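Asks: Okay, here's the structure, questions in a sec.
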Amino acid sequence: MELTFSEEVQEARAEGRPLVALETSVVAQGLPYPQNLEAARACEEAVRRAGATPAAIAVLDGRIHVGLSAGEMRGLAQPGPVRMKVGSRDLAVAMARGATGGTTVSATCEVAAAADIHVFATGGIGGVHRGVEEHLDVSQDLGAIARFPVAVVCAGAKSVLDIPKTLELLETLGVPVLGVGTHEFPAFYSRTSGQVLEHAVADAREAAAIARVRFGRLHQGGLLLALPPPEETSLPRDEVERLILVALSGAKRQGVRGKAVTPFLLAELAARSGGKSLVANLALLEANARFAGEVAVAYAAAETAQ
Ligand code: PSU
Ligand code: MN
2 MELTFSEEVQ EARAEGRPLV ALETSVVAQG LPYPQNLEAA RACEEAVRRA GATPAAIAVL
62 DGRIHVGLSA GEMRGLAQPG PVRMKVGSRD LAVAMARGAT GGTTVSATCE VAAAADIHVF
122 ATGGIGGVHR GVEEHLDVSQ DLGAIARFPV AVVCAGAKSV LDIPKTLELL ETLGVPVLGV
182 GTHEFPAFYS RTSGQVLEHA VADAREAAAI ARVRFGRLHQ GGLLLALPPP EETSLPRDEV
242 ERLILVALSG AKRQGVRGKA VTPFLLAELA ARSGGKSLVA NLALLEANAR FAGEVAVAYA
302 AAETAQ
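In this text, residue positions in the sequence shown follow the working numbering: the first is 2, and each later residue adds one.
In structure tokens, the structure reads:
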């Protein structure tokens, strides 16, 4: 894969220092300006404080970038020309047409693996949407996580999705889902979902050790590290559920379909929660980035030890 590395990422690679991939669909589609830019910067800083190097991934003018300069990130975040939402299946179109866009979890996993980056921080993954029996909407994120050897740190999945079915499909695809300090799968804004996980890890070291075995010794695909969102800014489940029901009925009424569904629901939730969902979202993104940084450091240390 043809990749364009930022100077910072290039140096980290040359010195064998730990890297953390970051997605940018959250910047281009998931959050409003200027919170999207603040979130991107906070995530990059959190990764650095943990001792790793951030590698935000995006497609700029048809080239796949691994690591963005401050100006490039601002360009993606600022309102202006429509930015493409680039999933794995959109990569070829975006490149051939010289397009610019933010990469989703699926494309970010694929690019990270090609860049030999094995840890990736996002907010929440895509998954099986509610009402799947009618519209068959299942995010390509799940297949990509299964396929590419990347540990994806997330705050679980938003309950705009069907969380039990999402977990079932992850099992079908053979993706380990590890709770971080908990046996309960988190629901993004809320710390609980009612879904119990078989396996939990206590800390970044334990997570990195499992990732090492899976990628280095077994040559298997990705895994999910589910970190509950920070307590202070998390929202009660019933409050989120009420907002989601309104957002979902809005999507149905307006006939929103395909890749437009997730950005539509996210914007509706932000608008209807009076900013509380945004505060929660920023806090969990940063927490995930910090933990991913710690995992990347531990992963690199385990490599040296082997
Ligand atoms: N979930 C969130 N915030 C997000 C996304 C998902 O809580 O910003 C973004 C991610 O980039 C994810 C993508 O990979 O949406 C999934 O889109 P879809 O459901 O269309 O596959
Ligand atoms: Mn979809």
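The C-beta atom is built at its ideal place from N, Cα and C for all residues, glycine as well. Since the structure is predicted, the reported quantities are computational estimates derived from the model, not experimental observations.
Helix, strand or coil: how does DSSP classify G180 here?
Replies: strand
Asks: The ligand PSU and V60: does any heavy atom of the ligand fall closer than 6 Å to the residue's C-beta?
Replies: no
Asks: Check E3 in the structure and name its three-state DSSP category.
Replies: coil
Asks: Tell me whether S89, by its Cβ, gets closer than 6 Å to a heavy atom of the ligand MN.
Replies: Not so, every heavy atom of the ligand MN lies at least 6 Å from the Cβ.
Asks: Under 8 Å Cβ to Cβ from Q196, same chain only, skipping five residues before and after it: list those, please.
Replies: I164, P165, L168, E185, F186
Asks: Starting from A22 and walking both ways along the beta strand (DSSP E), at which residues does that stretch end?
Replies: Its beta strand (DSSP E) spans residues 20–23.
Asks: Quick check on DSSP: helix, strand or coil for R84?
Replies: In this structure, R84 counts as coil in the three-state DSSP scheme.
Asks: Shorter than 6 Å, the distance from the beta carbon of V27 to the closest heavy atom of the ligand PSU, or not?
Replies: yes
Asks: Distance, Cα to Cα, G102 vs L246?
Replies: 29 Å
Asks: Less than 7 Å between the C-beta atoms of I58 and A22, yes or no?
Replies: Yes, the Cβ-Cβ distance between I58 and A22 is below 7 Å.
Asks: Quick one, are the C-beta atoms of G180 and A201 less than 7 Å apart?
Replies: yes
Asks: When DSSP labels each residue in this structure, what does G103 get in the three-state scheme?
Replies: In this structure, G103 counts as strand in the three-state DSSP scheme.
Asks: Are the beta-carbon atoms of G88 and S107 separated by less than 7 Å?
Replies: yes
Asks: Which residue comes first and which comes last in the alpha helix (DSSP H) that contains A41?
Replies: 36–50
Asks: Please confirm whether any heavy atom of the ligand MN lies closer than 6 Å to the CB of S160.
Replies: S160: no, Cβ never under 6 Å from the ligand MN.
Asks: Do three or more CB pairs link the region 285–294 to the region 113–132 at distances below 8 Å?
Replies: At 8 Å Cβ cutoff, the stretches touch.
Asks: Could you check if S140 belongs to the surroundings of the ligand MN, using beta carbon to heavy atom distance under 6 Å?
Replies: yes
Asks: Determine which residues share a DSSP beta bridge with C110 and list them.
Replies: Note: C110 sits in no beta bridge, so no partner.
Asks: Take every Cβ of the region 134–141, pair it with every Cβ of the region 200–220, and state whether three or more of those distances are shorter than 8 Å.
Replies: The region 134–141 and the region 200–220 do not touch, with fewer than 3 CB-CB distances between them shorter than 8 Å.
Asks: Excluding the 5 residues flanking G99 on each side, which residues of the same chain have their C-beta closer than 6 Å to its C-beta?
Replies: D62, G63
Asks: Roughly how many whole angstroms lie between the Cα atoms of S194 and R238?
Replies: Whole-angstrom Cα-Cα distance: 8 Å.
Asks: Give the DSSP-derived three-state secondary structure of P264 in the structure shown.
Replies: helix
Asks: Measure the Cβ-Cβ separation of A29 and V60 and say whether it is below 7 Å.
Replies: no
Asks: Based on the DSSP secondary-structure assignment, which residues constitute the bridge partners of R14?
Replies: For R14, DSSP assigns no beta-bridge partner whatsoever.
Asks: Under 7 Å, do E287 and A43 count as touching if we go by C-beta distance?
Replies: The answer is yes: Cβ separation under 7 Å.
Asks: Is there at least one non-hydrogen atom of the ligand PSU closer than 6 Å to the beta-carbon of K260?
Replies: yes
Asks: Can you list, in chain order, the residues of its chain whose CB lies under 6 Å from that of T5, leaving out five sequence neighbours each side?
Replies: R64, H66
Asks: Less than 7 Å between the C-beta atoms of G222 and R148, yes or no?
Replies: Yes; because the gap between Cβ atoms is below 7 Å, this pair is in contact.
Asks: Please name the residue or residues paired with G157 in a DSSP beta bridge.
Replies: A188
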